[in-house]
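Undergrad: Got a structure for you, questions after.
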Amino acid sequence: MMLGVQPAMIGAAKSVKRVVLQHRAGFPSSVSESAFRAEDMDKLNFDKYDEIQFNINYRLIMIFNPAVETFREVVRHGSFTAAASALGISGAAASKQIKLLEEKLGFRLFNRTTRNVQPTEAARRLDALLSENAEQLATLLAELSSEQERPTGRLRLNVPMSFGELFLRKPIAEYALAYPDVVVDVDFEDRRVHLIEEGFDLVVRIGVLEDSGLIATRVGDCPLYLCASPQFVERHGGITDPAQIPSLPAIIYSNSDGAPSWSCQDRSGQVHSHPLRPVFYANSAGMMLEACRNGIGLAVLPSFSCQHDIDNGNILRLFPQMTTAPERGIYAIYPDRRYLPLKVRTFIELLQGALG
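Quick note on numbering: the sequence shown equals residues 60 to 415 in this note's numbering.
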């Protein structure tokens, strides 16, 4: 299981009034397919519109497309179904309109899971300025589109506490230095996060990949080792048989799911699962390592936290001929691959270089 990431939870849809565009040029007050067609947009006489000054590019003309009204309703309701109901169209039609609008604009408007729809930072900013003058809106669209050329905006990251402190501080600082137009906002913690609901652009987690509707890119490997201190091994008369494991006291990572155990694969490829007897829980790899050093019990430790102590003889790796199964990877997790902002893509590339 991937530790520390949960799919987004369903949020309550808010009741809002339908907002329509008002015009003085004789077009319907509620924009419809008959009002504007994409092939007619280049023929419009923008001088007719004295409420909005149209010295803008072609993409901004999409403001008069019915997809934009659908976009605003989805933002308000937090649901394609509720927005479609308010507009009197099908959910499939609403989803298709948003997809076409995203393709026209060139950036993603919503992060979707099977249970929830959340506007992106770009969508929230676009919605907030839709009623402002054209100059402001054109500037915003140019800024959002510029992310395809250079990273800009706020990059919200969530990374594991122990691993992040040891291995991600330097890469994150280097990223901030390399891309000064990006505001980096990073949380170090091991709790389970709702990536979309909490507004994170990217979460780094270690574990086994599970199907959550999110996208994950493997940026590194993280083997787990069964360890104990030399004093602990001596006190228990030597630990030479995996059958001894269930009877020995163990230090457990408290954020893991299921009954505590060590699953391993032998050289023949056969997988064995050995129950662990908890006597100490911690949600920190550093705390688990310290408890292991002090002989409190066995511990299944990530290689990044314990390799130095193994090399120095402070702790021992037990049964090195066995490998923990399944393999644990280091993953960059994010909502969507199709419209991945450049600020996120460049950060993933940096992680791959630093951890790969």
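For every residue, glycine included, the Cβ atom is placed at its ideal position computed from N, Cα and C.
1. Using alpha carbons as the reference points, say which of Glu162, Phe130, Ala341 lies closest to arginine 397.
2. For asparagine 104, which residues in the same chain have their Cβ closer than 8 Å to its Cβ, ignoring the five residues on either side in sequence?
3. On the criterion of 16 or more Cβ atoms from any shown chain inside 10 Å, does alanine 182 qualify as buried, or is it exposed?
4. For isoleucine 374, name the three-state secondary structure that DSSP assigns.
5. Go ahead and label leucine 236 buried or exposed: buried means 16 or more other beta carbons lie within 10 angstroms of its beta carbon, across all protein chains shown.
6. So, proline 394 versus isoleucine 265, is the Cβ gap smaller than 8 Å?
7. Cα separation between methionine 346 and aspartate 280?
8. Nearest chain C C-beta to asparagine 314 closer than 8 Å, yes or no?
9. Is it a yes or a no for the region 150 to 158 touching the region 212 to 225, going by three-plus beta-carbon pairs under 8 Å?
10. Residue ranges of each beta strand (DSSP E) run of no fewer than 3 residues wholly in the region 370 to 414, ordered along the chain?
11. Please say whether glutamate 224 and phenylalanine 259 have beta carbons closer to each other than 8 Å?
12. Would you kindly report the start and end of the unbroken beta strand (DSSP E) that includes valine 263?
13. Let me know if glycine 356 comes out buried or exposed under the rule of 16 or more other beta-carbons within 10 Å of its beta-carbon.
14. Helix, strand or coil for isoleucine 355, going by three-state DSSP, please let me know.
15. Could you check where the beta strand (DSSP E) with glutamine 324 kicks off and where it finishes?
16. Do you know how far the Cα of alanine 344 is from the Cα of phenylalanine 169?
17. Pull the bridge partners of tyrosine 284 from the DSSP assignment, please.
18. Using the Cα positions of phenylalanine 226 and glutamine 366, report the straight-line distance between them to the nearest angstrom.
19. Any idea what DSSP makes of histidine 367, helix, strand or coil?
20. Which residue wins for smallest C-alpha separation from leucine 348, given the options Ala143, Tyr312, Thr140, Arg251?
21. Give the straight-line distance between the Cα atoms of proline 361 and lysine 229, rounded to the nearest whole angstrom.
22. Measure from the alpha carbon of valine 252 to the alpha carbon of each residue in Asn314, Glu132, Val278, then state which is nearest.
23. State the CB to CB distance for the pair proline 334 and proline 305, rounded to an integer number of angstroms; the pair is presumed to be in contact (CB under 8 Å).
24. How would you call alanine 151, buried or exposed, if buried means at least 16 neighbouring beta carbons within 10 angstroms?
25. Excluding sequence positions up to five away, which residues of its chain have a Cβ less than 7 Å from the Cβ of serine 154?
26. In the DSSP output, which residue or residues are listed as bridge partners for asparagine 170?
27. So, using beta-carbon positions, are arginine 209 and aspartate 240 closer together than 8 Å?
28. Apart from the five residues just before and just after histidine 295, which ones in its own chain have a Cβ nearer than 7 Å to its Cβ?
29. Can you check which of these residues, Ala275, Ala318, Ala287, is closest to tyrosine 390 by C-alpha distance?
TA: Reading it off the structure:
1. Glu162
2. Because asparagine 104 carries a pLDDT of 41, less than 50, the predicted location of this residue cannot be relied on, and the following value inherits that uncertainty. If we look at asparagine 104 and ignore the five residues flanking it on each side, it has no Cβ neighbours.
3. Alanine 182 is buried by the Cβ-count criterion.
4. Three-state DSSP puts isoleucine 374 in coil, outside helix and strand.
5. exposed
6. no
7. Each residue's alpha carbon lies about 22 Å from the other.
8. The structure shown has no chain C; it contains just one protein chain.
9. no
10. 388 to 393
11. Result no, Cβ atoms of phenylalanine 259 and glutamate 224 do not sit closer than 8 Å.
12. 261 to 266
13. buried
14. coil
15. 320 to 324 is the extent of the beta strand (DSSP E) around glutamine 324.
16. 35 Å
17. Leu360
18. 14 Å
19. helix
20. Ranking Ala143, Tyr312, Thr140, Arg251 by Cα distance to leucine 348 puts Tyr312 first.
21. Between proline 361 and lysine 229, the C-alpha separation is close to 20 Å.
22. Asn314
23. 5 Å
24. exposed
25. The beta carbon of serine 154 sits closer than 7 Å to those of Phe139, all from its chain and outside the five residues before and after it, given in chain order.
26. Gln177
27. yes
28. Leu307
29. Ala275
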